[in-house]
Amino acid sequence: MKTRSKVIVGALAGVAVIGIGTGIGVATMADDDRPLTGSDLEQATAAALEHTGGGTVTESEVGDDGAAYSVEVRLADGSQVEVNLNANFEVIGSTADDDGAGDGQESGDSEEGDG
Numbered sequence: 190m191k192t193r194s195k196v197i198v199g200a201l202a203g204v205a206v207i208g209i210g211t212g213i214g215v216a217t218m219a220d221d222d223r224p225l226t227g228s229d230l231e232q233a234t235a236a237a238l239e240h241t242g243g244g245t246v247t248e249s250e251v252g253d254d255g256a257a258y259s260v261e262v263r264l265a266d267g268s269q270v271e272v273n274l275n276a277n278f279e280v281i282g283s284t285a286d287d288d289g290a291g292d293g294q295e296s297g298d299s300e301e302g303d304g
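Going left to right, the sequence shown walks through residues 190 to 304 as this note's numbering numbers them.
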């Protein structure tokens, strides 16, 4: 009986460890949607608007899509662009964001011309 009790206690301890690890993982993921504030918001906004050539910042967050910071910018034509920045507020990528009132583009930067 002692061996059986040890096995049950060990199994319960294992389940508890897995449960705690899962809770930490979920809590960490929830932090990703935290909006930028203060000087982080100012620096990220400046970098994103410089990259897009202007527009209006509609959303910002810490750590989205593998980036340190993410800023969504609505352009004059109504399209939305997500600009991803590293910890030094340098642009590491941008994509057309299909969350907003988009023009049907799915991803990537676009250039429009009348030609």
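Note that beta-carbon positions come from the ideal geometry of N, C-alpha and C, so glycine has one too.
{"Item": "Using the C-alpha atoms, what's the distance from G242 back to S268?", "Value": "13 Å"}
{"Item": "Within 10 angstroms of the Cβ of S259, are there 16 or more other Cβ atoms? Answer buried if so, exposed if not.", "Value": "buried"}
{"Item": "DSSP on T245, reduced to helix/strand/coil?", "Value": "strand"}
{"Item": "With a CB to CB cut of under 8 Å and the five nearest residues on each side skipped, what residues in its chain are close to V280?", "Value": "A236, A237, H240, V272, N273 and L274"}
{"Item": "Using the Cβ count rule (16 or more neighbours within 10 Å means buried), how would you classify E295?", "Value": "Summary for E295: the model assigns pLDDT 37, below 50, so the residue's position carries little reliability; its value from the coordinates is reported in the next sentence. That one is exposed."}
{"Item": "Which term fits E231, buried or exposed, when burial requires 16 or more other beta carbons within 10 angstroms of its beta carbon?", "Value": "exposed"}
{"Item": "Among A265, V251, K191 and A257, which one has its Cα closest to the Cα of N277?", "Value": "A257"}
{"Item": "Counting along the chain, where does the beta strand (DSSP E) carrying S259 start and finish?", "Value": "Y258 to R263"}
{"Item": "For a test of the three-state rule: what should DSSP assign to T284, helix, strand or coil?", "Value": "strand"}
{"Item": "Helix, strand or coil for T192? Go by DSSP, reduced to three states.", "Value": "helix"}
{"Item": "Where does E279 fall in DSSP's three states?", "Value": "coil"}
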